[in-house]
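Notes for the one structure printed next.
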Ligand SMILES: Cc1ncc(COP(=O)(O)O)c(C=O)c1O
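Numbering (this note's numbering), first residue to last: 16 to 343.
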């Protein structure tokens, strides 16, 4: 295998499927507004994280950091692990994923099926444990490559030049607000930068779980919006052009995700529901003519074993009754 293994047909065919996702105009009634939803769940492994995997690995390969004998090691709440395992499978590269023991069974199975090794750690909500483990592993073995999604500026850069520019192209360069949750902060910071540069009046709004509104200065607490808000403000969010945040309760995020399943036929996860609740609140403030863009981050199948698929009383499932509150 030569050094340019990501450009070999098998890997490059897979990489060509990543990104350029559709922007779907979703009409909400009785709210009477349209939210423009970037369908990131249509990426090949089913989440927005495919973009990060492609960009960081291509860069590492070009700089000689990723070689055929390398092992990619990353700590993740799941979606990044699945994305890295997918690309690793196509390029024939070893992948080891460190994940909290609280991560859903679906994520674990997908990572293992893609041929990656999975190491589970007891987290008690502390992501730092896994990050430290990955650093220790890299210090012991020079063949280990760390994508470092929480601190790698390529994470922001990819969304700035990829997702953000796609949104501008798809909206004809007219965006009044961009709303997104954050895990590493890459999506929010990168898209925010691109959109702010082209539309300086656009409002860049962070979605935060109401139970853990750190940007709003509140204390970390347990929430059920998987994939976002890992208990700290990520370093990549520093310098992001944020204009405010919207707090969304986990229960409302789930109710909205279920509404997206049933009313729109969109099989997406809890954070997608949360993003839509926040986007509707922003749209309510800016008026129905505003172009409000958000992300549908991943697929519903990833949540079969979670509260999202638990039986809920018909009345509460049909009326999500969003509780969003906005600051900024
Ligand atoms: C499931 C999921 N994955 C990823 C992201 C984006 O994460 P990041 O901030 O790491 O770019 C989100 C953001 O809403 C999300 O809900």
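We treat Cβ as the ideally placed atom computed from N, Cα and C, and that holds for glycine.
Cut-off 6 Å between Cβ atoms - residues of its own chain near residue i, not counting five sequence neighbours on either side
{"i": "residue 159", "result": "86, 88, 152, 153"}
{"i": "residue 37", "result": "54"}
{"i": "residue 109", "result": "86"}
{"i": "residue 48", "result": "298, 303"}
{"i": "residue 206", "result": "174, 178, 179, 193"}
{"i": "residue 99", "result": "68, 87, 89, 110"}
{"i": "residue 410", "result": "Shown here, the chain extends from 16 to 343; a query on residue 410 therefore has no answer."}
Same chain only: Cβ atoms within 7 Å of residue i, ignoring 5 sequence neighbours per side
{"i": "residue 33", "result": "58, 59, 65, 66, 69"}
{"i": "residue 248", "result": "229, 230"}
{"i": "residue 169", "result": "70, 71, 74"}
{"i": "residue 180", "result": "209"}
{"i": "residue 46", "result": "295"}
{"i": "residue 256", "result": "207, 208, 211, 219"}
Exposure of residue i, with buried meaning 16 or more beta-carbon neighbours within 10 Å
{"i": "residue 128", "result": "exposed"}
{"i": "residue 216", "result": "exposed"}
{"i": "residue 80", "result": "exposed"}
{"i": "residue 137", "result": "exposed"}
{"i": "residue 237", "result": "exposed"}
{"i": "residue 253", "result": "exposed"}
{"i": "residue 149", "result": "buried"}
{"i": "residue 77", "result": "exposed"}
{"i": "residue 156", "result": "exposed"}
{"i": "residue 62", "result": "buried"}
{"i": "residue 184", "result": "exposed"}
Close beta carbons around residue i, own chain, < 8 Å, minus the five adjacent residues each side
{"i": "residue 301", "result": "191, 192, 218, 307"}
{"i": "residue 250", "result": "165, 166, 200"}
{"i": "residue 283", "result": "56, 272, 275, 276, 311, 312, 313, 314, 315"}
{"i": "residue 114", "result": "90, 91, 92, 93, 96, 122, 123, 126, 133, 134, 135, 136, 145"}
{"i": "residue 29", "result": "59, 101, 102, 105"}
{"i": "residue 117", "result": "138"}
According to DSSP, residues forming a beta bridge with residue i
{"i": "residue 168", "result": "Beta-bridge pairing links residue 168 to no other residue."}
{"i": "residue 29", "result": "Paired residue(s): none; residue 29 is not in a bridge."}
{"i": "residue 194", "result": "220, 309"}
{"i": "residue 353", "result": "The question about residue 353 has no answer, for the chain in this structure spans 16 to 343."}
{"i": "residue 134", "result": "113"}
{"i": "residue 159", "result": "86"}
Runs of alpha helix (DSSP H) wholly within the segment 199 to 256 (minimum 4 residues, chain order): Counting whole runs of 4 or more residues, the segment 199 to 256 contains the alpha helix (DSSP H) stretches 201 to 213.
Going along the chain, which unbroken runs of the alpha helix (DSSP H) with 4 or more residues stay wholly within the segment 46 to 122? 64 to 77, 94 to 106
Below 8 Å, how does it come out for the segment 200 to 213 and the segment 174 to 191: are there three or more Cβ pairs, yes or no? yes
At what residue ranges does the segment 252 to 323 contain a whole run of the alpha helix (DSSP H), taking only runs of 4 or more? Within the segment 252 to 323, the complete alpha helix (DSSP H) segments at least 4 residues long are 265 to 279, 285 to 301, listed from N- to C-terminus.
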